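Heads up: the protein sequence lines correspond to chains Z and Y, in order. Reading the first sequence from the start, the letters are residues 1328 to 1530 in the numbering used here. Reading the second sequence from the start, the letters are residues 1328 to 1530 in the numbering used here.
2 protein chains.
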Amino acid sequence: MSRVSRQSGILFVLSGPSGAGKGTVCQALMKQMPQLCLSISMTTRAPRLGEKDGVNYFFRTKEEFKSMMEHGELLEWANVYDNYYGTPRKFVESKLQEGIDVLLEIDIQGAMQVKKHYPSGVFLFLIPPSATELQARILGRGTETDESFKQRFGAARYELAMMNQYDYVVVNDVVDAASERIQAIVTAEHCNVSRNLYLLTEW
Amino acid sequence: MSRVSRQSGILFVLSGPSGAGKGTVCQALMKQMPQLCLSISMTTRAPRLGEKDGVNYFFRTKEEFKSMMEHGELLEWANVYDNYYGTPRKFVESKLQEGIDVLLEIDIQGAMQVKKHYPSGVFLFLIPPSATELQARILGRGTETDESFKQRFGAARYELAMMNQYDYVVVNDVVDAASERIQAIVTAEHCNVSRNLYLLTEW
Chain Z
1328 MSRVSRQSGI
1338 LFVLSGPSGA
1348 GKGTVCQALM
1358 KQMPQLCLSI
1368 SMTTRAPRLG
1378 EKDGVNYFFR
1388 TKEEFKSMME
1398 HGELLEWANV
1408 YDNYYGTPRK
1418 FVESKLQEGI
1428 DVLLEIDIQG
1438 AMQVKKHYPS
1448 GVFLFLIPPS
1458 ATELQARILG
1468 RGTETDESFK
1478 QRFGAARYEL
1488 AMMNQYDYVV
1498 VNDVVDAASE
1508 RIQAIVTAEH
1518 CNVSRNLYLL
1528 TEW
Chain Y
1328 MSRVSRQSGI
1338 LFVLSGPSGA
1348 GKGTVCQALM
1358 KQMPQLCLSI
1368 SMTTRAPRLG
1378 EKDGVNYFFR
1388 TKEEFKSMME
1398 HGELLEWANV
1408 YDNYYGTPRK
1418 FVESKLQEGI
1428 DVLLEIDIQG
1438 AMQVKKHYPS
1448 GVFLFLIPPS
1458 ATELQARILG
1468 RGTETDESFK
1478 QRFGAARYEL
1488 AMMNQYDYVV
1498 VNDVVDAASE
1508 RIQAIVTAEH
1518 CNVSRNLYLL
1528 TEW
């Protein structure tokens, strides 16, 4: 058995304020690192045309979902428009045990729940390069009134203060550059001494 | 002023057991990352032909060296065959303040001294890929008797146990791969949240 296979996988949680570009960076990263496994969410909403259970989502009834909540089988969950969404612990942990790294892209509230239930995850905070750039990104959507812009921008500034709950800050100036920084973090974390102490017993 | 220039440089200390290949990896890394500044040692030995003060070494008298030792101006020092060698704190710190990362390649004893005097450094432990490979490397030098081989191999095993004093373990299986892992660690460390909290005051 090679050394690499002795290390279990690592859960990387990609989060950050609204407008940081989590989805875009996540897509770029999955192209650059196909060996990463993207976490699959569980939901109580009905499958849409073409969606498959265990691929797009794990589709479950509300009763099943609530039972999993009560039994601590979700790393995080939220209720959105009367449907539940969550991250099943078992799927993530089985991948990690196989030595596969898992990537979870999630908002800040979800990330804080994951941190509580799975503190050995690595928490990455993606941010826009500047306040000016964030303004431009929010306005660029072209859907904001003055009031809603102020709300979104204010919320993003508030969310930014959550930075100190994370392990790493990744500035999303250029998507591919941000993705490469995350790749570097994945490599570095596998070199972290706490993940390599088993080597001491091998010599 | 750009954000990057607001972060100070980081001191990376590359160390590890005898036979790990520190020098070779260090050379490869300096080629891949010319923006890294290699720490220049101070010594009391006489300059050899072509060696220049402030380039190969800082050449100093024993009196000057001892005065610096006594005034805490060295991050580490050692006496080898009646000459002193050490790492001047001022050179390292001035580079870090300019925002330049500094690389220091040093044996384990020296690294432990640096850790004591400069705990905010990042400490990398380079190791051979396996005990078998270490044996091969030691024997490959062709200069070892049975006895000296046993001594060297035993010392390396003993040194390996120092791993848990370090931040990262880098397996030197292939020199360029090891160097790339170190590059990733450099990138990741700059993303470490503790080095980016100043961003909170900028928004």
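Glycine is no exception: its CB is placed at the ideal position from the N, C-alpha and C atoms. None of these values were measured; they are calculated from a predicted model.
Query, Result
"Chain Y within 8 Å of Z/CYS1518, Cβ atoms only", "yes"
"Buried or exposed (CB count within 10 angstroms, at least 16 for buried), Z/ASN1499", "buried"
"Closer than 8 Å to chain Y by CB, Z/GLY1426", "no"
"Integer-rounded CB distance, given that Y/CYS1364 should sit under 8 Å from Y/ASP1428", "7 Å"
"Local conformation of Y/TYR1485 per DSSP, three classes", "helix"
"Within-8 Å CB hit, Z/ASP1434 to chain Y", "no"
"Where Y/LEU1451 sits in the DSSP three-state scheme", "strand"
"Outcome for Y/THR1292 when other beta-carbon atoms lying within 10 angstroms are tallied against a minimum of 16", "Residue 1292 of chain Y lies beyond the stretch modelled for chain Y, which goes from 1328 to 1530, so this question has no answer here."
"Interface partners of Z/ILE1512 on chain Y, CB under 7 Å", "ALA1515, CYS1518"
"Neighbour-count burial assignment, Z/CYS1370, 16 or more Cβ in a 10 Å radius", "Before going further, note that residue 1370 of chain Z is Thr rather than Cys in the sequence given. Looking at its Cβ environment, which holds 16 or more other Cβ atoms inside 10 Å, Z/THR1370 is buried."
"Z/THR1472 burial status per 10 Å Cβ neighbour count (16 or more: buried)", "exposed"
"Inside the segment 1392-1421 of chain Z only - beta strand (DSSP E) runs reaching at least 3 residues", "1401-1407, 1410-1415"
"Within chain Y, partners of Z/ASN1491 - CB distance below 9 Å", "VAL1520, SER1521, LEU1524, LEU1527"
"Sequence-distant residues of the same chain with beta carbon closer than 8 Å to Z/PRO1374, five excluded per side", "ASP1380, ASN1383, TYR1384, PHE1386"
"Closer than 8 Å to chain Y by CB, Z/LEU1487", "yes"
"Amino acids of chain Z, ordered along the chain, whose beta-carbon sits closer than 9 Å to that of Y/VAL1497", "CYS1518"
"Reference Y/GLY1399, options Y/ALA1515, Y/ILE1512, Y/ARG1416, Y/TYR1493, closest by Cα", "Y/ARG1416"
"Chain Z within 8 Å of Y/ASP1494, Cβ atoms only", "yes"
"Z/SER1342 versus Z/ASN1523: straight-line alpha-carbon distance, rounded", "26 Å"
"Cβ contact (3+ pairs, closer than 8 Å) linking the segment 1481-1501 of chain Y and the segment 1457-1474 of chain Z", "no"
"Distance between Z/ALA1505 and Z/VAL1496 (C-alpha atoms, nearest Å)", "10 Å"
"Minimum Cβ-Cβ distance from Z/ARG1479 to chain Y less than 8 Å", "no"
"Local conformation of Y/ASN1491 per DSSP, three classes", "helix"
"Close beta carbons around Y/LEU1451, own chain, < 6 Å, minus the five adjacent residues each side", "LEU1341, TYR1495, VAL1497"
"Contacts that Y/ARG1508 makes with chain Z (C-beta to C-beta distance below 9 Å)", "THR1514, ALA1515, HIS1517, CYS1518"
"Buried versus exposed call for Y/GLU1486 [16 or more other C-beta atoms within 10 Å across all chains shown]", "buried"
"Backbone secondary structure at Y/THR1388 - three-state DSSP", "coil"
"Given Y/GLN1510 as reference, the closest of Y/THR1414, Y/GLY1346, Y/TYR1412, Y/MET1357 once Cα atoms are compared", "Y/MET1357"
"Rounded straight-line distance, which links the Cα of Y/MET1360 to that of Z/ILE1337", "27 Å"
"Near the ligand GTP: Z/SER1421 beta-carbon under 7 Å from a heavy atom", "The model on display carries no ligand, and the ligand GTP is accordingly not part of it."
"Span of the beta strand (DSSP E), counted from its first residue to its last, around Z/VAL1342", "According to the sequence provided, residue 1342 of chain Z is Ser. The question's Val does not apply to it. Z/SER1342 -> beta strand (DSSP E) spans 1338-1342."
"CB of Y/VAL1513 within 8 Å of CB of Y/PHE1339, strictly", "yes"
"Reduced DSSP category for Y/THR1370 - H, G, I as helix; E, B as strand; rest coil", "strand"
"Y/LEU1338 at chain Z interface by Cβ criterion, 8 Å", "no"
"Uninterrupted alpha helix (DSSP H) stretches inside the segment 1423-1448 of chain Z (no shorter than 4 residues)", "1435-1444"
"Environment of Y/ARG1479 [buried if 16+ CB atoms lie within 10 Å]", "buried"
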